[in-house]
Amino acid sequence: MSEAKVPVSSQAAPTQRERKPRVQPLRIAIFGFGTVGSSVARILVESKPAGLELTHVFNRGVERKRVDWAPESVVWSEDAEAVLASDVDVIVELAGGLDPAGEWVRRALEAGKSVITANKKLIAFHGVELERLAAAKGGHLKYGAAVAGGIPVIPAIEQGLAGDRIQRIEGILNGTCNFILSKMEEGAEYATVLDQAQQRGYAEADPTEDVGGFDARSKLAILMRLALRVAVDPEEIVPQPITTISAVDFSYARDLSCTIRQVARAEKSGGEVSATVGPMLVDLRSPLAWSRGTENMVILSGHYGGDVVFSGHGAGGQPTAVAVVSDLLALAHGSQRVEIPSTPGRVGGEFEVPHYIRFLVDDRPGIVAAITGALAKEEINIRAIVQKPGYPQHALPFVVTVEPCKSSALKRALASIHTMDCMREEPLDLQMLE
Ligand SMILES: NC(=O)c1ccc[n+]([C@@H]2O[C@H](COP(=O)([O-])OP(=O)(O)OC[C@H]3O[C@@H](n4cnc5c(N)ncnc54)[C@H](OP(=O)(O)O)[C@@H]3O)[C@@H](O)[C@H]2O)c1
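If you're matching positions, the sequence shown starts at 958 in the numbering used here and goes up one per residue.
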C-alpha cells in the first residue's frame, strides 16, 4: 500500500515533513452503501479530507444506490472481486455481519490492502486473527467506529490512555436499548417504544440483536481486548435481555433512587475476568443515569488515572461516519497506534454486587418467609423488602433487594423460589450498580 501524504505548498521554507516525496492520496473503496457507507461518502465528497480519495463503491444492486453528488470518477460496482482486485489502497467495509463481509476483509488484507470497518460483530469474533493477518501482510486494520459509533473510545484507549492499566469498563453501548429504557423511564410501555424506535430507524425489524444484548456484548468484548488486554470469546458473556423490564420496575427503581439502563461491564481483578451485559439498576447520581435517548456512554477506570467518562452519539450514519473518516485520516497520515498486546482469557469471575429482585405472586400468607428462607440458605442477606399498594392480590409485584452476593448463589436461590406455586412468573433479577 502506498503511504499517502498531504500535498504541500512550495512557498514556505521546506520543513522536514515537506521534504518527503509527495505521494498520491489513498484510494478508497466503500463496501456497503447504506446508512453509514453513504454518510462516509458524503464526508469524503463534501469535506475533501486531505490525502483521501473515494474511487469505488461496491453494493449489491448498485444502480439503485447511485447518487448525483459523487464525482463522476467514482466506479459503482456490484462485483466485489473486481474491486478487491483493483488498485484501491483501502477497503472500507460497511456492509455488516460475519459473512461475506469477513471474507472481503480477509481477501483485502491478504492482498496487503488496509481495511477500515465499523463491524463490531466481525471484530469481536475475529479481530485477533484479522489483526495478525494485517500485520503479516503489511496492511492496517482499524475499527474506531465499531464501539460507541461517533465517540472516540477506541482511539482514546489506543493513544491517550495507553499509559494506564485499565481495570474496569462500564458502559451504555447500545443506543436502541438506551432509547427504549429512557422512554420507559418517562412512563412509556416497552412495546410502544420499540415500535417508535423501529419507525425512527433506531431498531431493526428483528430487534433481538439489540434488545437481547448481543450487540452490546460484541462491543464489550472488543473493549475488553483493547482496554483490559484480555481476548475472550464473546459467547462466554451471557447477555440478559431488556424485554423482561416493565413499568413497575421503573416505579420501584425510582423509590430506590435509581433508574434502569442496559449496562455492559467488565473487570479484571486478581487475575480473574468478569463480564456481563444486561439491564441494571443505576443510581440516579451516576453518569450512566444521565445518558438518554440513543446516547452512549463509556466509563473506563484506570489504576493510575482513575475514571474517564466518554459520552455522545453512539450510532447514526453521520456520527459513525466521522469515526470511519477519522480512521482513514489516521491511516493516510501514518499515525502509529500504540501496540496493545492482549492475552486469551476466560470469563470466569463473578461480580459481587447488590441485586434487585422483583417477584410477581398470587398473594398468600407465608410467601415472604419462604423467600427469605431460600435466600438465607445461600447466605444471602436481605437489604430491603418493598411493596407498593394498588396492585391486585392475584398478581402482586413486590421487590426484595439483597446485599452484595455472588450471582451464582442468587441464581440457585431464585431457581428454588421459582418452583413455589404462588409465583406467577420467573423472578426478575437485576444487578444494582452503586
Ligand atoms: N447505523 C449505525 O448507526 C451504526 C453504528 C455503528 C456501527 N455500525 C455498523 O456499520 C455497518 C453498516 O451499518 P449500516 O447501518 O450502514 O447498515 P445498512 O444501512 O444496512 O447498510 C449496509 C449496506 O451494505 C449492503 N450490503 C449488505 N450485505 C451485502 C452483501 N452481501 N453484498 C452487497 N452489499 C451488501 C446493503 O445493501 P442493501 O441496501 O441491498 O441491503 C446496504 O447498502 C454495520 O457493521 C453496523 O454494525 C452502524
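In this text, a Cβ means the ideal position worked out from N, Cα and C, and glycines have one as well.
Where residue i and residue j are concerned, what is the direct C-alpha to C-alpha distance, given to the nearest angstrom?
| i | j | result |
| --- | --- | --- |
| PRO1311 | VAL1343 | 15 Å |
| GLU1146 | GLU1229 | 39 Å |
| ALA1102 | TYR1209 | 36 Å |
| ARG979 | GLY1095 | Because ARG979 sits at a pLDDT of 37, beneath the cut-off of 50, its placement in the model cannot be relied upon, and the point is left open. |
| ALA1042 | LEU1011 | 16 Å |
| ILE1114 | ALA1184 | 6 Å |
| VAL993 | LYS1077 | 14 Å |
| PRO1298 | ARG1186 | 7 Å |
| GLY1120 | GLN1219 | 29 Å |
| ILE1199 | GLU1127 | 17 Å |
| CYS1362 | VAL1281 | 42 Å |
| LEU1353 | ALA1204 | 14 Å |
| VAL1031 | HIS1290 | 23 Å |
| GLY1054 | SER1243 | 34 Å |
| LEU983 | ALA998 | 14 Å |
| THR1015 | ARG1021 | Checking the sequence, you will find Phe at residue 1015 rather than Thr. For PHE1015 and ARG1021, the distance between alpha carbons rounds to 12 Å. |
| GLN1197 | GLY1170 | 6 Å |
| PRO1349 | GLU1309 | 34 Å |
| ALA1052 | ALA1065 | 15 Å |
| VAL1049 | GLY1305 | 36 Å |
| ARG1294 | GLN1116 | 6 Å |
| GLU1252 | HIS1375 | 36 Å |
| ARG1023 | GLY991 | 11 Å |
| ARG1017 | THR1277 | 22 Å |
| GLY1269 | ILE1337 | 38 Å |
| LEU1177 | ILE985 | 29 Å |
| ASN1131 | ILE1217 | 14 Å |
Can residue i be considered in contact with ligand 1, in the sense that its beta carbon sits closer than 7 Å to one or more heavy atoms?
| i | result |
| --- | --- |
| LYS1077 | yes |
| GLY1273 | yes |
| ARG1157 | no |
| VAL997 | no |
| ASN1016 | yes |
| VAL993 | yes |
| THR1277 | yes |
| PHE1082 | no |
| PHE1308 | no |
| GLY1291 | no |
| LEU1288 | no |
| LEU1051 | yes |
| ALA1102 | yes |
| PRO1191 | no |
| PHE1267 | no |
| PHE990 | yes |
| GLY1169 | no |
| PRO1164 | no |
| ILE1057 | What sits at residue 1057 in the sequence shown is Pro, not Ile. Under cutoff, so the answer is yes. |
| GLY1228 | no |
| GLY1095 | no |
| GLY1106 | yes |
Among the candidates the options, whose CA atom is the shortest distance from the CA of residue i?
| i | options | result |
| --- | --- | --- |
| PHE1207 | LEU1087, ILE1314, SER1283 | ILE1314 |
| PRO1322 | GLN1116, LEU1055, MET1377 | MET1377 |
| SER1373 | LEU1332, ASN1338, VAL1356 | LEU1332 |
| ALA1068 | ASP1046, GLY1084, ARG1211 | ASP1046 |
| ARG1249 | CYS1134, ALA1007, SER1226 | CYS1134 |
| PRO1301 | GLY1347, HIS1083, GLY1269, THR1201 | HIS1083 |
| TRP1061 | LEU1098, ALA1027, THR1251 | LEU1098 |
| ILE1129 | ALA1058, VAL1195, ALA1160, VAL1239 | VAL1239 |
| VAL1189 | GLU1038, GLN1197, SER1175, PRO1196 | SER1175 |
| VAL1255 | ILE1000, HIS1351, GLY1158, GLY1271 | GLY1271 |
| ILE1000 | GLN1275, SER1292, VAL1318, VAL1325 | GLN1275 |
| SER1364 | SER1231, ILE1073, ALA1246, ILE985 | SER1231 |
| LEU1317 | LYS1345, SER1283, ASN1131, LEU1285 | LYS1345 |
| VAL1266 | PRO1006, VAL1279, ILE1111 | ILE1111 |
| LEU1286 | PRO1006, SER996, GLN1156, SER995 | PRO1006 |
| GLY1059 | SER996, GLY989, GLU1035 | GLY989 |
| GLU1382 | VAL1195, TYR1261, THR1201, ASP1284 | THR1201 |
| ASP1056 | LYS1140, ALA1105, LEU1151, ALA1037 | ALA1037 |
| GLY1144 | ARG1211, ARG1182, SER1226, ASP1172 | ARG1211 |
| ALA1160 | PHE1136, LEU1288, GLU1307, ASP1319 | PHE1136 |
With residue i and residue j assumed to form a contact (beta carbons below 8 Å), what rounded beta-carbon distance in angstroms separates them?
| i | j | result |
| --- | --- | --- |
| TYR1100 | ILE1080 | 5 Å |
| ARG1340 | THR1329 | With a Cβ gap of about 12 Å, ARG1340 and THR1329 do not count as contacting. |
| GLU1335 | LEU1385 | Incorrect: roughly 18 Å between the Cβ atoms, too far for contact. |
| LEU1138 | PRO1236 | 7 Å |
| TRP1033 | VAL1002 | Incorrect: roughly 14 Å between the Cβ atoms, too far for contact. |
| SER1194 | VAL1234 | The question names Ser, but residue 1194 is Ile in the sequence shown. Contact flag correct, Cβ pair sits at about 6 Å. |
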